[in-house]
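Student:
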Amino acid sequence: METPSVRVLVVGDSGVGKTTLLRSICRLYSRDSIDYDKPSSLWTTGCDVHVLLKIFEPEGQEIFVEFLDIGGHRKYELSRGTFYHNIHGIMFVHDLSNTKSGQHLRNWSKEIHTMQKLKGCVVPPTGNSDDIPTLQKIPKLVVGNKKDLRSQSSMGLIGPTEFHTVATIESSANPLSMVPSGVFEAFLYQTVAFANRDTNSKSSSGGQRLVHINDDNTTTGVSNIRSRWW
Numbered sequence: 001m002e003t004p005s006v007r008v009l010v011v012g013d014s015g016v017g018k019t020t021l022l023r024s025i026c027r028l029y030s031r032d033s034i035d036y037d038k039p040s041s042l043w044t045t046g047c048d049v050h051v052l053l054k055i056f057e058p059e060g061q062e063i064f065v066e067f068l069d070i071g072g073h074r075k076y077e078l079s080r081g082t083f084y085h086n087i088h089g090i091m092f093v094h095d096l097s098n099t100k101s102g103q104h105l106r107n108w109s110k111e112i113h114t115m116q117k118l119k120g121c122v123v124p125p126t127g128n129s130d131d132i133p134t135l136q137k138i139p140k141l142v143v144g145n146k147k148d149l150r151s152q153s154s155m156g157l158i159g160p161t162e163f164h165t166v167a168t169i170e171s172s173a174n175p176l177s178m179v180p181s182g183v184f185e186a187f188l189y190q191t192v193a194f195a196n197r198d199t200n201s202k203s204s205s206g207g208q209r210l211v212h213i214n215d216d217n218t219t220t221g222v223s224n225i226r227s228r229w230w
């Protein structure tokens, strides 16, 4: 039987360390991570796909998590929307030693919002006419990367205020460190729960749940305040 998969969109300015971070994550979380010993280019061109095979408890089901590592250079701005489709979770990555990269998260959010508004392709439909796909419900995670390079003067919440209601971690890639611990793992479970939302609402539809998750204990990191950007 084919192993199910979920798709996580990973965006952020060029040079914030998305590729190195994702490779470190895949090495840590999966014995079967794919091609992470190959040399990396200085910048991601277009989109790189990083895949890990994750075992989700309590059922022990294997699920492929596909991280779509979007090139952050401005010259790819018109073409990268091609990869903004059928997304189950979004990671916004910025550099803790570069305040501007945090402020630019708003631009990334607006870009994704525009694609959803114009084409309706970012959030996959459920087949339920009562469920209108929106970016508000999709799991989101803000990652402040390169925490080892951050100066004391730059500590604190970084980025547009609307991101302050989203789950946040700080990370460094070599060696991999993510704090607070457990938040990234929770984000992966939230992503699977979001992908399951069609089978949650219609158990008789014949759709197969990726893995059973107690939805009451799973939050998407979205507060009751609706952001104007999503």
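Numbering (the UniProt record's numbering), first residue to last: 1 to 230. We treat Cβ as the ideally placed atom computed from N, Cα and C, and that holds for glycine.
1) Look at the Cβ atom of residue 241, then the Cβ atom of L96, and state whether they are nearer than 8 Å.
2) Could you tell me which residues DSSP pairs with I87 in its beta bridges?
3) Does the beta-carbon distance from K54 to L176 come in below 8 Å?
4) Find the nearest neighbour of G15 within the set G72, I87, C121, judged by alpha-carbon distance.
5) Select from F67, R74, K75 the residue whose C-alpha is nearest the C-alpha of F83.
6) Who are the Cβ neighbours of N174 in its own chain at under 8 Å, not counting the five residues just before and after it?
7) Just how far apart, CA to CA, sit S5 and Q61?
8) Reducing DSSP to helix, strand and coil, say where T3 ends up.
9) Between the beta-carbon of V123 and the beta-carbon of I87, is there less than 8 Å?
10) Find out if the Cβ-Cβ distance for the pair V8, T191 is shorter than 8 Å.
Tutor: Taking the geometry as given:
1) Since the first residue of the chain shown is 1 and the last is 230, residue 241 is not available in this structure.
2) Numbered from its first residue, the sequence shown carries residue 87 at position 87. Residue pairing from DSSP leaves I87 without any beta-bridge partner.
3) Looking up residue 54 in the sequence shown gives position 54. Looking up residue 176 in the sequence shown gives position 176. Against a cut-off of 8 Å, the Cβ pair of L176 and K54 comes out as no contact.
4) In the sequence shown, the residue the question calls residue 15 occupies position 15. That would be G72, whose Cα lies nearest to the Cα of G15.
5) Stepping through the sequence shown from its first residue, residue 83 is reached at position 83. The option with the nearest alpha carbon to F83 is F67.
6) For the purposes of this step, residue 174 is taken as residue 174 along the sequence shown, with counting starting at 1. Setting aside the 5 residues that flank it on each side, N174 is surrounded in the same chain by T20, S24, each with a C-beta closer than 8 Å to its C-beta; the list follows chain order.
7) Along the sequence shown, one-based indexing puts residue 5 at 5. Along the sequence shown, one-based indexing puts residue 61 at 61. So the two alpha carbons sit approximately 11 Å from each other.
8) Working through the sequence shown from its first residue, we reach residue 3 at position 3. Reduced to three states, the DSSP call for T3 is coil.
9) Stepping through the sequence shown from its first residue, residue 123 is reached at position 123. Stepping through the sequence shown from its first residue, residue 87 is reached at position 87. Result yes, Cβ atoms of V123 and I87 sit closer than 8 Å.
10) Locating residue 8 in the sequence shown gives position 8, where the first residue counts as 1. Locating residue 191 in the sequence shown gives position 191, where the first residue counts as 1. It is a contact, given that the beta carbons lie within the stated cut-off.
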